[in-house]
Amino acid sequence: MARSLFGSVIKTRSGNWRGRYRVNQNDYYTPTVRTKTEARQLLAEIHARIVRNEWTPPRNKAFPANLTFKEWANKWIEAQEDQGRSPNTIRARRSQLHVHINPLVGNTRLIDLTQDHAQLIYETAKAKTSPASARNTLLCFSAALTAAKKARLIDTNTAQVEGGFTTHRPQRPKIALETDQLEDLIAATPGKYQLGILVMSYGALRYGETSGLMIPDIDPDSLTVTVQRATKRGPDGGLVLGPPKSAAGYRTVALPTRHSAIVLRHLRLFAHEKTGLLFHDERTRSGLTSNRMWNHVIREAASAAKLPTQIGCHDLRHTGLTLYGQQGATIADLMCRAGHTKADTVMIYQHSNQMRDRELTERM
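Position in the sequence shown (first residue = 1) + 68 = this note's numbering.
What follows is the structure, encoded as structure tokens:
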């Protein structure tokens with residue numbers, strides 16, 4: 069490969085030459101020619117057009133010039149399915165396209181889309197739904213245009229709306245219970261669900277990992293639970309079993325030995341032999357337990373134990389990781405227990421409540 073003043077010239081396997089150049093972080097190539105001199109001449113001509121502001125990106129000839137947004141969006145969604153994107157993501161984006169985006173710009177050519185179209189999509193969605201839903205709709209539109217730009221179908225992503233990507237809903241601070249509060253919560257939980265509360269809190273499992281547990285995943289002798297799968301939403305919106313959130317999600321964690329009776333009682337009385345599920349909800353077609361069901365169980369128990377009733381599944385996980393960290397667990401320990409691959413993710417679980425802050429302050 070030889071360098072030119074603008075771009076570079078590359079010799080092909082057939083012995084011919086072509087130029088390569090970069091504009092706006094995208095790589096482009098000249099047509100293939102017979103000599104290096106011809107390739108350099110093509111690069112010089114392209115450079116001159118760029119300087120005169122006359123250059124436009126070469127069109128991707130795999131798609132027609134009059135490709136509409138709806139036609140592109142269908143191909144984009146199909147590509148995402150082929151790439152293994154989660155059914156939840158695919159379902160949500162199909163809905164956003166069908167309900168909010170295609171009725172407004174579906175028949176518009178990709179190359180004709182402007183910021184005004186993005187503004188129209190955002191404002192229309194915001195008038196019909198919540199600010200969060202409008203933001204997600206705009207994100208979907210932007211993602212489709214980003215993919216179109218990457219495919220060299222458009223030069224720029226015009227899905228730019230001032231304030232459109234801002235998160236409007238303040239995040240509720242996570243609740244970390246003290247050990248005695250957690251024990252009260254477990255005691256106030258109906259027997260059928262006590263083990264679920266135990267593994268989500270002391271075991272720090274995500275609710276989907278808890279719902280995906282099978283009977284062999286819990287070892288009553290070593291008092292450990294092994295995560296090998298998790299529940300997710302399938303294409304039709306129903307719960308299905310799938311892999312954990314990431315490779316780090318495959319793990320085995322220990323449970324407190326003082327709660328061995330809960331484990332043994334659950335295996336004896338509540339494990340569902342027919343499906344093999346450790347936790348079973350007879351109200352669902354698959355028998356899988358949902359986030360909504362677990363949150364209802366937790367809040368009923370919290371009310372009975374006179375604890376904050378807004379507590380949910382993730383608060384239990386946060387509680388377990390906080391208590392684990394307070395016993396001297398390292399970042400590596402927390403990453404392993406939480407099933408995370410990044411250290412900065414588990415830092416949020418090193419929560420320090422006011423009582424802990426006072427205790428440490430008095431020790432100084």
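The beta-carbon is built from N, C-alpha and C at its ideal position, and this holds for glycine as well.
His115 versus Tyr89, Gln394, Lys104, residue with shortest Cα-Cα distance: It is Tyr89 whose Cα lies nearest to the Cα of His115.
Selection from Val295, Ser314, Arg117, Ile265 that minimises the alpha carbon distance to Met282: Val295
Proximity of Ala272 and Thr390 at Cβ, strictly below 7 Å: no
Assumed close pair Met268, Leu181 - CB separation to whole angstroms, cut-off 8 Å: Rounded, the Cβ-Cβ distance is 45 Å, inconsistent with contact.
Environment of Leu375 [buried if 16+ CB atoms lie within 10 Å]: buried
Gly317 versus Arg405 - alpha carbon distance: 9 Å
One or two residues paired with Asn94 in a DSSP bridge: Val91
Beta-carbon proximity list for Trp123, same chain, < 8 Å, skipping 5 on both sides: Val91, Ile114, Arg117
Test item: CB-CB of Arg86 and Ala112 under 7 Å: no
Limits of the beta strand (DSSP E) - the one that Ala397 falls within: Run containing Ala397: none; DSSP gives neither H nor E here.
Cβ shell of Gly174 (< 7 Å), same chain only, five flanking positions each side left out: Thr136, Phe137, Lys138
Distance CB(Leu110)-CB(Thr98) smaller than 7 Å: At a Cβ-Cβ threshold of 7 Å, Leu110 and Thr98 count as neighbours.
Beta-bridge pairing of Leu287 - partner residues as DSSP gives them: It is Asp, not Leu, that sits at residue 287 in the sequence shown. Looking at the DSSP assignment, Asp287 forms a beta bridge with Thr292.
Beta-carbon spacing of Val119, Ala186 below 7 Å: In this structure, Ala186 does not lie closer than 7 Å to Val119 by Cβ.
Selection from Cys208, Thr80, Thr357, Gln249 that minimises the alpha carbon distance to Thr103: Thr80
Nearest candidate by alpha-carbon position, reference Gly75, set Ser82, Asn94, Val331, Gly83: Asn94
Touching by the beta-carbon criterion (3+ pairs, under 8 Å), the region 203-218 and the region 245-257: no
Residue interval of the alpha helix (DSSP H) (run including Gly264): DSSP places Gly264 inside the alpha helix (DSSP H), whose first and last residues are 259-269.
Reduced DSSP category for Ile222 - H, G, I as helix; E, B as strand; rest coil: coil
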